[in-house]
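Enquirer:
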Amino acid sequence: MGSDPITDLEAEFADIWRRGRIQMRARARAIHPRLDPTCYPLLVLLSRHDAIRMSDLLSDLGLEKSTLTRQIDSVVRLRLVERHPDPDDARARLVALTDEGRSRLDEVATTATAVWRERLSRWNPDDVRQLADLLHRLAVDTADVSSDPEE
Numbered sequence: 001m002g003s004d005p006i007t008d009l010e011a012e013f014a015d016i017w018r019r020g021r022i023q024m025r026a027r028a029r030a031i032h033p034r035l036d037p038t039c040y041p042l043l044v045l046l047s048r049h050d051a052i053r054m055s056d057l058l059s060d061l062g063l064e065k066s067t068l069t070r071q072i073d074s075v076v077r078l079r080l081v082e083r084h085p086d087p088d089d090a091r092a093r094l095v096a097l098t099d100e101g102r103s104r105l106d107e108v109a110t111t112a113t114a115v116w117r118e119r120l121s122r123w124n125p126d127d128v129r130q131l132a133d134l135l136h137r138l139a140v141d142t143a144d145v146s147s148d149p150e151e
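Position 115, counted from 1, in the sequence shown is what this note's numbering calls 115; the numbers after and before it change by one each time, with no gaps.
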C-alpha cells in the first residue's frame with residue numbers, strides 16, 4: 001500500500017469491483033443459467049420490496065429507462081419477475097419478484113452469506129461490524145456522486 005489513503009482506497013475498490021463482477025456472474029448463473037449478470041442487482045433490489053414502481057427502480061439503480069426496460073423484460077421472460085398494474089396509478093406498473101424468483105434469489109443469498117461467514121470467521125465480530133458501518137457510511141456519503149469520474 002502507498003502513502004496516499006485515497007489512492008490506496010481506489011486500488012482496493014478496483015480489486016473488489018473485479019471480484020464482485022466475477023461473483024455476480026456466478027450468482028446470476030446459480031439463479032438461472034440464462035440470467036444476464038447485469039440483471040442481478042435488479043433482482044437484489046426487488047428482493048427488498050414486495051413490489052416497486054419502475055420510476056423508483058430507475059432512481060435506485062441509476063440506469064437509463066431503456067436499459068431497465070430491457071432488464072425487466074429479460075427477467076420476466078425467465079419467470080423470475082412479474083409486472084402488475086399499480087392500484088394507485090393506472091398509468092404505472094409495479095415490478096415484483098415471482099415466488100420462483102424470490103426462492104432462487106434466497107438460495108443464492110443463503111449460500112453467499114455462508115461463504116462470507118466462513119471467509120470472515122477469523123475476524124473479530126467488532127471488526128466486521130465496523131467494516132459494515134464504514135461501508136454504509138461511504139455509501140450514504142457518496143450516494144449523490146455522479147457516475148462520471150470527471151465530475
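We put the CB at the ideal spot given by N, CA and C, even for glycine. The structure presented is a predicted model; accordingly, all values stated were derived computationally and were not measured.
So, at 7 Å on beta carbons, what are the nonlocal neighbours of GLU151 in its own chain, with the 5 sequence-adjacent residues on each side left out?
Expert: Reading the sequence shown from its first residue, position 151 is the one you call residue 151. Because the pLDDT of GLU151 is 44, which lies under 50, any placement of that residue in the model is unreliable, and the question is left without a value.
Enquirer: Counting only runs of 3+ residues fully inside the stretch 50-92, write out the beta strand (DSSP E) ranges in chain order.
Expert: Whole beta strand (DSSP E) segments, 3+ residues: 81-86.
Enquirer: If distances are taken between C-alpha atoms only, which option among ARG119, ARG102 and GLN71 comes closest to LEU58?
Expert: Along the sequence shown, read from residue 1 onward, the residue named residue 58 stands at position 58. Checking every option, the nearest Cα to that of LEU58 belongs to GLN71.
Enquirer: For the alpha helix (DSSP H) that contains SER47, what are its first and last residues?
Expert: As a first step, residue 47 must be located in the sequence shown, where it is residue number 47. Looking at the DSSP string, the run of the alpha helix (DSSP H) that includes SER47 is 40-47.
Enquirer: What are the partner residues of LEU94, as DSSP defines its beta bridges?
Expert: Along the sequence shown, read from residue 1 onward, the residue named residue 94 stands at position 94. The partner list for LEU94 (beta bridge, DSSP) reads ARG53 and HIS84.
Enquirer: Kindly indicate which residue of ARG83, THR111 and LEU138 has the alpha-carbon position closest to the one of ALA96.
Expert: By 1-based counting over the sequence shown, the position of residue 96 is 96. The shortest Cα separation from ALA96 among ARG83, THR111 and LEU138 belongs to ARG83.
Enquirer: So, under 8 Å CB-CB, ARG178 and ALA112 are touching, yes? Tell me the CB distance rounded to an integer number of Å.
Expert: Here the chain comprises residues numbered 1 to 151, so residue 178 is not present and cannot be evaluated.
Enquirer: How far does the alpha helix (DSSP H) with SER103 in it extend, from its first residue to its last?
Expert: Along the sequence shown, one-based indexing puts residue 103 at 103. It spans 99-119 - the alpha helix (DSSP H) in which SER103 sits, taken as one unbroken run.
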